[in-house]
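Residue numbers for the sequence shown, in my numbering: 5 to 139.
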Amino acid sequence: MDCLFCKIAAHEVESDIIYEDDKVIAFLDINPVNHGHTLVVPKKHSEQLLELPDELAEPVIATIKKIMRALMNLPDVEGVNVMQNNYEAAGQVVPHVHFHVIPRKKGDGHRHWPGIGYAEGEAALMTMKLKDGIK
Ligand code: 5GP
Ligand code: ZN
C-alpha cells in the first residue's frame, strides 16, 4: 500500500522515532507546531478514527501518555494539546489515523479555535439530533 505512515511504521521511510512497540509508533512531526510535536500512529493501517479497532485504542492512548510525560519533563513545556484530524474537511492530510501530541507554553502564540455560541433553542435541538445518532 502506498501509505506514508505505513512506510514510516515499516522503517521504509526515515523518521525521528521516539517510541515504538509491536502496535504503535511515535515520531517527530516533520513540520512541528512547536519543537517536540510528535505523531502517535497505530502501525496497522486504518484511515480514520472510526476504523481504528477498539483493541488498539488502549495502546495508542498509553503511547500518547508516554509522549506527554516525556514532553512535560522538558523544562520549557507547560501544557500539551492532543489533536486528531479526520477527513480532508477537518484538516486530515495523511490518510492513516494519527494523533498529534503538541507541547505548549504560555504565550507561544498559538490560539484555540474560536467558539461560535448557540442561539436560543439550538443547543437543545443539536442535543436531540446527536442523541438520535448514538448507536
Ligand atoms: P494531518 O493534517 O493529516 O492531521 O497531519 C499530518 C502531519 O504529518 C502534518 O503535521 C505533517 O507535518 C506531518 N508529515 C507529513 N509528511 C511527513 C513526513 O514525511 N514525516 C513526518 N515525520 N511527518 C510528516
Ligand atoms: Zn497506512
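By construction, the Cβ of each residue, glycine as well, lies at the ideal position given by its N, Cα and C atoms.
Please confirm whether any heavy atom of the ligand ZN lies closer than 6 Å to the CB of F9.
-> yes
Identify, in the order they occur along the chain, each residue of the same chain with its Cβ nearer than 8 Å to the Cβ of I55, setting aside the five sequence neighbours on each side.
-> It should be pointed out that residue 55 corresponds to Glu in this sequence rather than to Ile. Contacts found: V101.
From N35, A93, H41, I71, residue whose alpha carbon lies closest to that of Q52 = A93
Could you tell me which residues DSSP puts in a beta bridge with I106?
-> N85
How is the alpha helix (DSSP H) around L75 delimited, first residue to last?
-> 58-76
For the candidate residues K48, A30, H49, whose alpha-carbon lies nearest to that of G40?
-> A30
Please determine, among K135, K69, N89, M5, the residue with the shortest C-alpha to C-alpha distance to P107.
-> K69
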